[in-house]
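Number of protein chains: 2
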Amino acid sequence: MSEASKLGQIKALCFDVFGTVVDWRTTVINELQLFGSEQAINADWSEFADRWRTEGYMGGMRLVQQGSLPFQTADALHHRMLTILLEEIEFDTKKNIAAVKHLNTVWHRLQPWPDSVLGLERLRSHFIVSTLSNGNISLLTNMAKYSNLRWDVILSAEITGAFKPNPECYRNAANLLGFDANEIMLVAAHESDLLAAQAVGFGTAYVFRPTEYGIDNKKAIRPDLPFDFIANDFSHLAELLAVPKVD
Amino acid sequence: MSEASKLGQIKALCFDVFGTVVDWRTTVINELQLFGSEQAINADWSEFADRWRTEGYMGGMRLVQQGSLPFQTADALHHRMLTILLEEIEFDTKKNIAAVKHLNTVWHRLQPWPDSVLGLERLRSHFIVSTLSNGNISLLTNMAKYSNLRWDVILSAEITGAFKPNPECYRNAANLLGFDANEIMLVAAHESDLLAAQAVGFGTAYVFRPTEYGIDNKKAIRPDLPFDFIANDFSHLAELLAVPKVD
Chain R
20 MSEASKLGQI
30 KALCFDVFGT
40 VVDWRTTVIN
50 ELQLFGSEQA
60 INADWSEFAD
70 RWRTEGYMGG
80 MRLVQQGSLP
90 FQTADALHHR
100 MLTILLEEIE
110 FDTKKNIAAV
120 KHLNTVWHRL
130 QPWPDSVLGL
140 ERLRSHFIVS
150 TLSNGNISLL
160 TNMAKYSNLR
170 WDVILSAEIT
180 GAFKPNPECY
190 RNAANLLGFD
200 ANEIMLVAAH
210 ESDLLAAQAV
220 GFGTAYVFRP
230 TEYGIDNKKA
240 IRPDLPFDFI
250 ANDFSHLAEL
260 LAVPKVD
Chain Y
20 MSEASKLGQI
30 KALCFDVFGT
40 VVDWRTTVIN
50 ELQLFGSEQA
60 INADWSEFAD
70 RWRTEGYMGG
80 MRLVQQGSLP
90 FQTADALHHR
100 MLTILLEEIE
110 FDTKKNIAAV
120 KHLNTVWHRL
130 QPWPDSVLGL
140 ERLRSHFIVS
150 TLSNGNISLL
160 TNMAKYSNLR
170 WDVILSAEIT
180 GAFKPNPECY
190 RNAANLLGFD
200 ANEIMLVAAH
210 ESDLLAAQAV
220 GFGTAYVFRP
230 TEYGIDNKKA
240 IRPDLPFDFI
250 ANDFSHLAEL
260 LAVPKVD
């Protein structure tokens, strides 16, 4: 099918959020540094952030997928790993329950990439725009309010009780939106997410976020995979999807 | 507990939608009249609308609650009754599948009460504002987009798989929003909904919508029940909740 005819049937855009819409790493490192100076503790906060993300969140989701952990929210997975990481640097998490709980919600306060807010607004003028994230509903709701990201609806793995890339997540999103899979396009900066969405019949838009893992860990190349659209950012995606600028 | 201290702990407002936020009856009657003239059929469209609502939707939900029907979306319950009502007036629903399907989505295009859009915007500046409706997610999403109702998040009985006033609906909303029940207030024009929310610990705000069932069927009196707030409309509710006007 040509790009033009594929585009004609798309009614909703579902967005991956962490890394695609928001720059989790910069926000988390900044807030960890602040926490460190408030609590008078030192650590390599960049490494702390990366381990929190990869071992805690992504590793936690793998344990859930393998059946070693019951399904739980991103908040719970984050809290589990945050406790481990803070205890490694000899911070007493039991005596500082409120501070740890507040720090854990940094994932509710992530800053968008510079193009995200306006790009979403532009895309929202032509499509239903929805989250489709492994983050939980309250995390995504608070983040949207905090960062002024305007979604038409917030969908999450929490509703399905299974994390992406489980195909049920994508199918359930289509069901809740009232569309066939081929009327929806996933927008994401991650190939595995897009491949899973493609496998259930979604359109796919890869957005290039080269500094998601930091300026020193740039993703070197664009994907050599059969996605429908490849965009540099949300404003470029809007151009590719022929959506005029919003006044 | 005093009103002031009760108010201090409220973080989110959950809104009933049909009748509370939108004037379903006026919109549905108008669209039925249009459908009638397009299809050259006649009926008492006011009575048709009332039966669609009371026998089809509310009656259908009762059947689900009694276990006579499996849980299904509001769209499905509406479609079931619309087919019955159209066949009663000898309209061939099998020959007009697309027209019937479009008419069934009139519930996605309901017009807000005059104060709803601005009142919600004002309340949203101080609280998380959410739907908590028996309407399905796509219905509520399309309605919000169509009528410019800005929600922070769309919650529905569809996520729980049980209709209000089942207590699980309210508990699940609290869980998804990440708040305790006493941090949430239900806003509704219907006493039974508010009583069920109150029973699980929500705060309650009754909004007076006297013409929900038409100008000739005005609800005569305000409820003599122990709700936390009683408001004439959303702008009055914002005043009672001490939320300043939005610029």
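Protein chains in written order, with our numbering: chain R, 20 to 266; chain Y, 20 to 266.
Quick reminder that beta carbons are idealized off the backbone N, C-alpha and C, glycines included.
- If you look at R/Thr150, you'll find it in the beta strand (DSSP E) that goes 147-152.
- Contacts with chain R at 9 Å (Cβ-Cβ) include Y/Ile156.
- Residues of the region 41-73 of chain R whose Cβ lies closer than 9 Å to any Cβ of chain Y: none.
- With respect to chain R, the C-beta atom of Y/Gly38 has no partner C-beta closer than 9 Å.
- In this structure, the CA atom of Y/His145 is about 48 Å from the CA atom of Y/Asn61.
- For R/Glu177, a Cβ of chain Y is located within less than 9 Å of the residue's own Cβ.
- Against chain R, a Cβ distance below 7 Å from Y/Val219 picks out nothing, because the smallest value is about 18 Å.
- At least one CB of chain R lies nearer than 9 Å to the CB of Y/Thr160.
- If you draw a straight line from the Cα of Y/Ala207 to the Cα of R/Met162, it comes to about 27 Å.
- The shortest C-alpha to C-alpha distance from Y/Leu26 to any of Y/Val265, Y/Phe246, Y/Ile103, Y/Asp266 is the one to Y/Phe246.
- Shown here, Y/Thr223 sits in a strand according to DSSP, grouped into three states.
- Judged by DSSP secondary structure, Y/Ala250 falls outside any alpha helix (DSSP H) and instead within the beta strand (DSSP E) spanning 248-250.
- Look at Y/Asp235: its C-beta is not under 9 Å from any C-beta on chain R.
- Boundaries of the beta strand (DSSP E) around R/Ser175: 172-175.
- In this structure, R/Phe110 is the residue among R/Phe110, R/Val172, R/Asn185, R/Ala218 with its C-alpha nearest to the C-alpha of R/Ser56.
- R/Ile203 has R/Ala31 as its beta-bridge partners, per DSSP.
- Sequence-distant Cβ neighbours of Y/Asp134 in its own chain, meaning closer than 6 Å and more than five residues away, are Asp252, Phe253, Ser254.
- Across the structure, R/Glu187 and R/Leu244 are spaced so that their CA atoms are roughly 23 Å apart.
- In the DSSP assignment, R/Lys120 falls within the unbroken alpha helix (DSSP H) covering 116-123.
- Non-local beta-carbon contacts of R/Ala257 in its own chain, meaning distances under 7 Å to residues more than five positions away in sequence, involve Gly138, Arg141, Leu142 in chain order.
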